[in-house]
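One point on numbering: in our numbering, the residue at position 174 of the sequence shown is 363, and numbering is uninterrupted. Glycine included, C-beta positions come from ideal geometry on N, C-alpha and C. Remember, predicted model here, so these are calculated numbers, not experimental data.
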Amino acid sequence: MKATLKTEYTIKEICEGFVYSELEAKGLFGLNGNLTIQPEYQRSYIYNDGKKDVAVIESILKGYPIGIIYFNKVGTGKFEVLDGQQRITSIGRYIKCKFSIKDDSGMEQNFDSIAKNKQEKIMQTKLLIYECEGEEEEIKEWFKTINIVGVALNNQEILNAIYSGEFVTLAKEEFSNSQNANTEKWKAYINGSANRQHFLEKALEWVSKKKIDDYMCKHRRDTNISELKNYFNSVLDWVSETFTDVEDEMQGLDWGRLYEEYHNKKGYNPKKISEAVHKLYADYSIKNRKGVFEYLLGGEKDTKLLNVRIFDEPTRKSVYAMQTSKAKEKGVSNCSHCAMGHNKNKIWKIDEMDADHVSAWSKGGETDIANCEMLCKTHNRAKGNR
Ligand SMILES: [Zn+2]
Numbered sequence: 190m191k192a193t194l195k196t197e198y199t200i201k202e203i204c205e206g207f208v209y210s211e212l213e214a215k216g217l218f219g220l221n222g223n224l225t226i227q228p229e230y231q232r233s234y235i236y237n238d239g240k241k242d243v244a245v246i247e248s249i250l251k252g253y254p255i256g257i258i259y260f261n262k263v264g265t266g267k268f269e270v271l272d273g274q275q276r277i278t279s280i281g282r283y284i285k286c287k288f289s290i291k292d293d294s295g296m297e298q299n300f301d302s303i304a305k306n307k308q309e310k311i312m313q314t315k316l317l318i319y320e321c322e323g324e325e326e327e328i329k330e331w332f333k334t335i336n337i338v339g340v341a342l343n344n345q346e347i348l349n350a351i352y353s354g355e356f357v358t359l360a361k362e363e364f365s366n367s368q369n370a371n372t373e374k375w376k377a378y379i380n381g382s383a384n385r386q387h388f389l390e391k392a393l394e395w396v397s398k399k400k401i402d403d404y405m406c407k408h409r410r411d412t413n414i415s416e417l418k419n420y421f422n423s424v425l426d427w428v429s430e431t432f433t434d435v436e437d438e439m440q441g442l443d444w445g446r447l448y449e450e451y452h453n454k455k456g457y458n459p460k461k462i463s464e465a466v467h468k469l470y471a472d473y474s475i476k477n478r479k480g481v482f483e484y485l486l487g488g489e490k491d492t493k494l495l496n497v498r499i500f501d502e503p504t505r506k507s508v509y510a511m512q513t514s515k516a517k518e519k520g521v522s523n524c525s526h527c528a529m530g531h532n533k534n535k536i537w538k539i540d541e542m543d544a545d546h547v548s549a550w551s552k553g554g555e556t557d558i559a560n561c562e563m564l565c566k567t568h569n570r571a572k573g574n575r
């Protein structure tokens, strides 16, 4: 593969004939039609957040470098942007007055309203561009390693580039399309966004049992995505049928693994599950609500999933006995909080008290006898809810 550094391209040349598609959220062409800004394997334009796009223009006006841009030579005088399409699209959109920047006095200024000398400064700014030539595979492999400027591509975006083809195109139509009405439902269970490929990544992760790379390689030439789509829908249908409530903590759980592990087990009653979820959610001693769902799927056995703050029975009994005999000697309540307040002399029975962490569990306090104090239920609850 050959890479040639070009230092004479001006923004004016690069943005000659710039076309931006609002519909696809993509910069399409530059260099008078000879530059494809956003090849298929590139993600959508994501700099239009009023920060990154503005930063590109402000950098240029201040004379700061905006980093190296990579073109892939695809024919005589024809190029695709390998890396730098977010920056080029930002510049092109600014020149086309698609957004504005604030000047020194805080006024919003688009390209047409800034001073002529500033316009010239932008247009005459030279960009550092590497023109690369080589085999497709070679360039894509290299692309994986040069991806060091701008917002880094995430794993899935890189895989989409490496395995670009009809399968990826179809998969992106389904999972990377923010216009797809299903994304709202997916968001309840999956963290992330359509345009950064997070839903596609989950769908692939689930169907491939976390071997996304292998799966994409194997299915690269497929002309349908039925298996991917069906499996994804099976997982989410199972989740939403089993857990009829949608809780915030469900977002981002490893639903693919939970589906594999539990979907063949019978006897989940959605109504009872819902009641159990509510009961566990109301229990202040449960520190890990994200664990509630697997705990219920597993038959309410693995309390480690909940990070519950509890002391075992021998500890409670032993602490109760020590505290109570000391309290009786002193003639005060066996609840230290009561002893300082209204029930100064009250001796509670063991079943009227709860074990409390002296040093809070959440702050690293151990669930052991040295960190255990029995409090009356009222005071324990008051402390737990703080
Ligand atoms: Zn008390």
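Inter-residue Cα distance where the pair is residue i and residue j
i: GLU326; j: ILE351; result: 8 Å
i: CYS138; j: GLY281; result: No information on residue 138 is available, as it lies outside the stretch 190 to 575 that the chain covers here.
i: GLU555; j: ASN532; result: 29 Å
i: ASN371; j: LEU212; result: 19 Å
i: GLY323; j: LYS191; result: 6 Å
i: THR193; j: MET296; result: 41 Å
i: GLU518; j: LYS468; result: 40 Å
i: LYS241; j: ILE255; result: 11 Å
i: HIS408; j: ILE311; result: 45 Å
i: GLY520; j: GLY530; result: 14 Å
i: SER423; j: LYS490; result: 26 Å
i: SER302; j: SER294; result: 14 Å
i: LEU271; j: TYR259; result: 5 Å
i: GLY219; j: ILE318; result: 14 Å
i: SER367; j: ASP238; result: 16 Å
i: CYS565; j: ASN534; result: 13 Å
Unbroken beta strand (DSSP E) run spanning residue i, endpoints
i: ALA544; result: 542-546
i: PHE288; result: It is not in any beta strand (DSSP E) - PHE288 carries neither H nor E in the DSSP assignment.
i: LYS215; result: 215-219
Span of the alpha helix (DSSP H) around residue i
i: SER507; result: 502-519
i: THR431; result: 415-431
i: GLU483; result: 481-486
Per-residue DSSP class, three states only, for residue i
i: THR265; result: coil
i: ASP437; result: helix
i: CYS527; result: helix
i: GLU450; result: helix
i: ASP402; result: helix
i: VAL243; result: helix
i: THR193; result: strand
i: TYR236; result: coil
i: TYR563; result: A small correction: the amino acid at residue 563 is Met; Tyr does not occupy that position in the sequence shown. Strand.
i: SER302; result: helix
i: GLU320; result: strand
i: LYS533; result: coil
i: TYR352; result: coil
i: SER210; result: strand
i: TYR259; result: strand
i: LEU442; result: coil
i: VAL357; result: helix
i: VAL497; result: coil
With 16 other Cβ atoms within 10 Å as the buried cut-off, status of residue i
i: CYS321; result: buried
i: ALA471; result: exposed
i: TYR435; result: For the record, residue 435 in the displayed sequence is Val; it is not Tyr. The residue is exposed, with fewer than 16 neighbouring Cβ atoms inside 10 Å.
i: ALA392; result: buried
i: ASP437; result: exposed
i: SER365; result: buried
i: ALA544; result: buried
i: VAL547; result: exposed
i: GLN512; result: buried
i: ALA516; result: buried
i: GLN313; result: exposed
Test item: CB-CB of residue i and residue j under 8 Å
i: GLU355; j: THR265; result: no
i: VAL466; j: TRP444; result: no
i: ALA377; j: GLN440; result: yes
i: GLN298; j: SER289; result: yes
i: TYR209; j: LYS285; result: yes
i: TYR178; j: LEU316; result: With the chain covering 190 to 575 only, the question about residue 178 has no answer from this structure.
i: PRO228; j: GLU202; result: no
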